[in-house]
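Numbered per my numbering, the sequence shown finishes at 715, counting up by one with no gaps.
Glycine included, every Cβ here is placed at the ideal spot set by N, Cα and C.
Source: prediction; values computed, not measured.
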Amino acid sequence: MAKKSKSAGLSLQHAKAVSKEEDKFAYSFTAMSKDDPQWKNSPDINIPNLSISAGKKIIVNNSTISIPHASKTGLVGVNGCGKSTVCSSIAKGELPIPPGIDIFMAEQEYTADDTPAFQAVLKANEFRTRLMEEEQSLLERVDNGNDDSATIDRLRIVTEELSSMDSSEAEARRILFGLGFDCEMQRRPTRMFSGGWRMRISLARALFMKPTLLILDEPTSHLDLDATIWLTDYLQRWKKTLLVVSHDQDFLDLVCNRILCLEGKKIETYNCSYYRFRQQQEEKHAKLIKDYDKQEKQLKRIKKSGQCSKAKAADKVKSNKSKKQHQPGSRAKKKQTDAIASGISARDQTTLLERPPQYKVSIELEANTWRLGSMIELSNVHFSYDESRPAILDGVDFSVDMDSRICIVGANGSGKSTLMKVLADDLQPTSGEVRRHPRLRVGTYDQHFSERLVLHKTAVEYLSEEFPKESYQDIHKRLSNFGLEREAHRIPMKDLSGGQRARVAFVELSLKYPHVLLLDEPTNFLDIETIEALLDGIDGFHGGVVVVTHDQRLIEKCDCDLWVVENQGVTKWTAGFDDYKDTILRELGER
């Protein structure tokens with residue numbers, strides 16, 4: 125734990141701490157006094173001069189985290205910048221948080237056992253669990269003849285408290301239902317659920333607890349569209365403090381009213397929506413580039429005119445900046461204001477600017493140049509995994525051509541993935557007919573993409589063997605454009621992260637030059653910048669697209685038609701996406 129200053133309020137010295145977990149992370153921050161009543165009773169979180177490091181790697185450097193009470197704050201930044209580290213550091217109590225703020229973070233899947241899903245959520249409220257255990261103990265004492273007045277009085281108090289909490293059971297069922305658990309699933313032991321569903325149970329427990337500070341790390345990554353719509357609506361009405369990490373831009377914009385941006389080891393605060401934050405970021409980056417280019421022109425001009433060294437030219441530019449900084453008048457004041465707005469303090473104007481970092485991803489998905497008519501046609505298709513159980517698909521008529529823009533939607537277990545596998549020719553229908561154009565090329569991407577990669581090989585080795593006509597140079601270029609760092613091109617794919625492997629899978633898909641894309645949750649594992657590039661790539665693809673996604677931005681940007689899988693059939697939703705969202709919320713009892 126951190127060493128706290130004995131003086132009241134903020135200490136002038138930095139407190140230092142090292143995580144107990146294998147001394148992995150080191151922390152530095154301005155210490156708070158435990159005896160300061162203003163800090164102890166504050167509902168706000170304020171951590172000045174925070175630094176976090178892991179070994180020699182600095183994650184956060186001398187920044188302030190400010191999270192006001194009842195705010196909904198989004199923490200954003202590129203993959204690997206340290207967002208999850210910041211969240212877990214807060215949740216584990218490594219940073220100074222007022223004692224009156226209880227914290228719950230949903231980050232790992234629920235540990236599975238024989239506990240039913242519904243009971244697993246209820247048990248998240250440990251106070252209620254202790255009361256129930258005490259009630260059971262008191263009842264046993266009474267049954268055994270120990271009915272003294274103290275026991276009876278305590279039993280009455282415990283029973284009354286539990287009675288006042290009866291509504292909590294309804295709330296637990298409501299949350300589970302919103303996250304996709306029907307009545308039968310709520311009774312099912314947690315050990316019978318897959319990892320993704322256990323993550324939903326963990327999320328349900330966090331929502332049910334209603335802590336003062338709720339921390340969610342990528343809460344939509346294991347949800348389908350219906351559950352994402354429900355969660356977005358639920359969090360919009362959240363009354364307490366929320367800190368969320370997400371790569372879903374619509375989710376951030378609809379839920380959050382503040383943004384913390386972790387970039388270049390600094391955390392900056394933006395008191396605005398996510399999209400307004402993006403606008404300010406773009407304006408700031410454009411100003412930095414303009415100032416940097418201006419500085420470089422000055423350096424070249426000075427070196428050319430005076431025939432001086434690079435170091436002397438740099439000193440002259442810094443000297444000119446210092447003189448302008450101290451010039452009187454409104455013009456100098458405006459320059460200082462502009463510098464601060466651009467993220468350059470007045471003190472820093474006397475140093476040379478570094479080239480602004482650029483993280484640019486470009487994803488081009490090229491369709492096969494052969495224009496075909498109808499590519500895939502399903503006629504009266506019936507599918508069942510087991511004849512003794514109800515069919516998943518029955519009497520389905522569905523077709524895909526090169527102009528299709530289709531999003532498959534529906535509740536969990538309705539048959540979305542089954543339909544996609546039938547379209548991809550991974551499953552054969554029990555009855556009915558599937559017709560495919562003989563020249564058809566299909567590009568598929570789903571959550572099991574890693575299983576198709578040869579993980580002991582590097583990305584370049586794997587792609588070169590799969591596509592021998594492609595040059596090494598072109599493969600390297602595509603991997604870089606898709607956001608895979610150059611040094612990761614020659615690392616065995618088993619040592620790459622999920623996001624890095626996803627980029628390799630998309631390069632593989634692009635090199636197939638398909639007529640149609642079948643994409644199942646393509647935005648998972650990707651950061652915001654890569655998702656933005658992927659949406660541009662899908663939107664610019666000159667072939668057919670069929671997608672299953674929880675990302676509402678993809679549906680709207682690519683102007684997808686909605687086809688609903690329910691009651692063993694597949695039907696087109698003609699009323700539009702907004703009407704679909706309202707319908708889902710009405711069905712879940714939220715409207």
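Pick helix, strand or coil for N691, following the three-state DSSP scheme.
Coil, per DSSP.
Pick helix, strand or coil for R563, following the three-state DSSP scheme.
For R563, the three-state secondary structure derived from DSSP is coil.
Looking only at C-alpha atoms, which of K414, V369, D415, K411 sits nearest to Y95?
No statement about residue 95 is possible, as the shown extent of the chain runs from 125 to 715 and does not include it.
So for H600, helix, strand or coil by DSSP?
Correct three-state label for H600: helix.
Distance between F149 and A612 (C-alpha atoms, nearest Å):
For the pair A612 and F149, the Cα-to-Cα distance works out to about 25 Å.
Alpha carbon to alpha carbon, how far is A583 from M104? Give it in angstroms, no decimals.
The shown model of the chain, from 125 to 715, leaves out residue 104, and the question about it has no answer.
Counting along the chain, where does the beta strand (DSSP E) carrying L92 start and finish?
Nothing about residue 92 can be reported from this structure: the residues present for the chain run from 125 to 715 only.
Return helix, strand or coil for L650, following the three-state DSSP convention.
Taken through DSSP and simplified to helix, strand or coil, L650 comes out as coil.
Taking R361 as part of the alpha helix (DSSP H), name the residues at either end of that continuous run.
Premise fails: R361 is in no alpha helix (DSSP H) and is neither H nor E.
Pairs of beta-carbons, one from the segment 178 to 187 and one from the segment 383 to 390, closer than 8 Å: are there three or more?
Flag = yes, the segment 178 to 187 and the segment 383 to 390 touch.
Does DSSP put T707 in a helix, a strand or coil?
Helix at T707.
Nearest to C512 (by Cα), restricted to the options V669, T554, N165:
The sequence given here has Ser at residue 512, not Cys. Residue T554 holds the alpha-carbon nearest to the alpha-carbon of S512 among V669, T554, N165.
With DSSP as the reference, please indicate the residues paired to P240 in a beta bridge.
Paired residues: P313.
Output the residue ranges of the beta strand (DSSP E) runs that lie fully inside the segment 380 to 422 and measure 3 residues or longer, sorted by chain position.
382 to 387, 390 to 394, all fully within the segment 380 to 422.
My assumption, with CB atoms under 8 Å, is that L349 sits in contact with H674. Please give the rounded CB distance.
About 5 Å separates the two Cβ atoms, so the contact holds.
Whose C-beta lies closer than 7 Å to the C-beta of S131 among residues of the same chain, with five residues either side of it excluded?
In this prediction, S131 has a pLDDT of 30, which is less than 50 and means its spatial position is unreliable; what the coordinates show is noted afterwards. S157.
Could you tell me the alpha carbon to alpha carbon distance between L286 and Q692, rounded to whole angstroms?
If I take the Cα positions, the gap works out to 42 Å.
Nearest-angstrom Cβ-Cβ length linking V245 and E259, presumed shorter than 8 Å:
With a Cβ gap of about 19 Å, V245 and E259 do not count as contacting.
Whole runs of the alpha helix (DSSP H) within the segment 244 to 274, excluding any shorter than 4 residues:
Correct list: 250 to 267.
Environment of F375 [buried if 16+ CB atoms lie within 10 Å]:
It is buried - the Cβ of F375 has at least 16 other Cβ atoms within 10 Å.
Three Cβ pairs or more, each shorter than 8 Å: is that satisfied between the segment 353 to 362 and the segment 328 to 345?
As far as the Cβ criterion goes, the segment 353 to 362 touches the segment 328 to 345, which means the pair count is three or higher.
Residue from T493, E490, F522 whose Cα sits closest to the Cα of E501:
Distance from the Cα of E501 is smallest, within the candidate group T493, E490, F522, for F522.
Using the C-alpha atoms, what's the distance from C211 back to E146?
Residue placement at E146 is flagged as unreliable, the pLDDT there being 40, under the threshold of 50; a coordinate-derived value is accordingly withheld.
Is I615 helix, strand or coil when you go by DSSP?
Coil, per DSSP.
Would you kindly work out how many angstroms separate the C-alpha atoms of P161 and N170, rounded to a whole number?
As the crow flies, the alpha-carbon of P161 is around 15 Å from that of N170.
Can you list, in chain order, the residues of its chain whose CB lies under 6 Å from that of D518, leaving out five sequence neighbours each side?
Annotation for D518: H506, Q692 place their beta carbon closer than 6 Å to its own, counting only its chain and skipping 5 residues before and after.
Cα-Cα, which of P480, D510, G217 is closest to A410?
Comparing Cα positions, the closest option is P480.
Just to confirm, is the Cβ distance from Y394 to T314 under 7 Å?
For the pair Y394 and T314, the CB atoms are not nearer than the 7 Å cut-off.
Return the CA-CA distance between A141 and L384, expressed in angstroms with no decimal places.
In this predicted model, A141 has a pLDDT of only 45, less than 50, meaning its place in the structure is not dependable; the value taken from the coordinates is given anyway. C-alpha of A141 to C-alpha of L384: approximately 23 Å in a straight line.
Using 6 Å as the cut-off, classify the Cβ of S273 as near or not near the heavy atoms of the ligand MN, replying yes or no.
No copy of the ligand MN appears in this structure; indeed no ligand is present at all.
Residues of its chain near L262, where Cβ-Cβ distance is below 7 Å and the 5 sequence neighbours each way are ignored
Taken in chain order, the residues that qualify are T275, R278, L279, V282.
Less than 6 Å between C-beta atoms, sequence neighbours within five positions excluded: which residues of the same chain meet that for L551?
Answer for L551: K545, listed in chain order.
Roughly how many angstroms lie between the CA atoms of R529 and P514, to the nearest whole one?
Just so you know, the alpha carbons of R529 and P514 end up roughly 30 Å apart.
Have a look at D706 and E407 and give me their C-alpha separation to the nearest angstrom.
If you take the alpha carbons of D706 and E407, they lie about 35 Å apart.
Can you tell me where the alpha helix (DSSP H) with C684 in it begins and where it stops?
Per DSSP, C684 lies in no alpha helix (DSSP H) segment and is marked neither H nor E.
Indicate the three-state DSSP secondary structure (helix, strand or coil) for W354 in the structure shown.
Looking at W354 - three-state DSSP - the assignment turns out to be helix.
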